[in-house]
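Structure (structure tokens):
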């Protein structure tokens with residue numbers, strides 16, 4: 025596994041053999057093989073009036089769980105169609121207090137072909153990605 029640090033906001037691990045590509049909006053990670061899954065990560069910064077209030081509101085949402093470090097993580101799984109193929113996409117949005125008046129939202133998406141969802145390789149990979157996200161290190165205001 026190799027450690028990825030994005031914008032000094034989040035640090036997490038991905039497989040050593042995964043390639044990364046930087047876009048102006050997100051960072052893409054994938055294994056260099058046909059029909060491999062893709063992991064996209066984007067960090068967004070927002071100014072807010074009260075960071076703690078935002079965190080508590082996020083934790084109160086039904087699709088949100090608290091990570092071990094107490095940060096709110098919203099999760100959903102959806103299907104989409106692209107170029108005639110059905111995709112299955114997992115989304116994680118983690119809200120991080122940067123200061124009293126600034127938050128970051130780390131947006132992860134993991135995409136596979138819907139037909140791959142029951143294949144053992146992708147089941148294990150999904151579990152690995154979920155673990156990496158839920159156990160990532162985040163810069164937080166103290």
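Numbering (this note's numbering), first residue to last: 25 to 166.
We treat Cβ as the ideally placed atom computed from N, Cα and C, and that holds for glycine.
Assuming residue i contacts residue j (C-beta within less than 8 Å), just tell me the rounded distance between them.
| i | j | result |
| --- | --- | --- |
| residue 78 | residue 163 | About 16 Å separates the two Cβ atoms, so there is no contact after all. |
| residue 128 | residue 68 | 7 Å |
| residue 137 | residue 102 | Contact doesn't hold; Cβ gap of about 14 Å is too wide. |
Let's test the definition: count the other Cβ atoms within 10 Å of the Cβ of residue i and tell me whether it reaches 16, buried, or not, exposed.
| i | result |
| --- | --- |
| residue 58 | exposed |
| residue 13 | Nothing about residue 13 can be read from this structure; the chain reaches only from 25 to 166. |
Tell me which residue opens and which closes the alpha helix (DSSP H) that residue i is part of.
| i | result |
| --- | --- |
| residue 75 | 75-84 |
Going by the DSSP bridge assignment, what does residue i pair with across the sheet?
| i | result |
| --- | --- |
| residue 117 | 98, 131 |
| residue 29 | 35 |
| residue 126 | 71, 123 |
| residue 161 | 35 |
Starting from residue i and walking both ways along the beta strand (DSSP E), at which residues does that stretch end?
| i | result |
| --- | --- |
| residue 146 | It is not in any beta strand (DSSP E) - residue 146 instead sits in the alpha helix (DSSP H) that spans 144-158. |
| residue 45 | 42-46 |
| residue 141 | Neither: residue 141 is in no beta strand (DSSP E) and is coded neither H nor E. |
>> Using 8 Å as the cut-off, can you tell me whether the stretch 116-124 makes contact with the stretch 42-49, which would need three or more C-beta pairs spanning the two stretches below that distance?
In response: no
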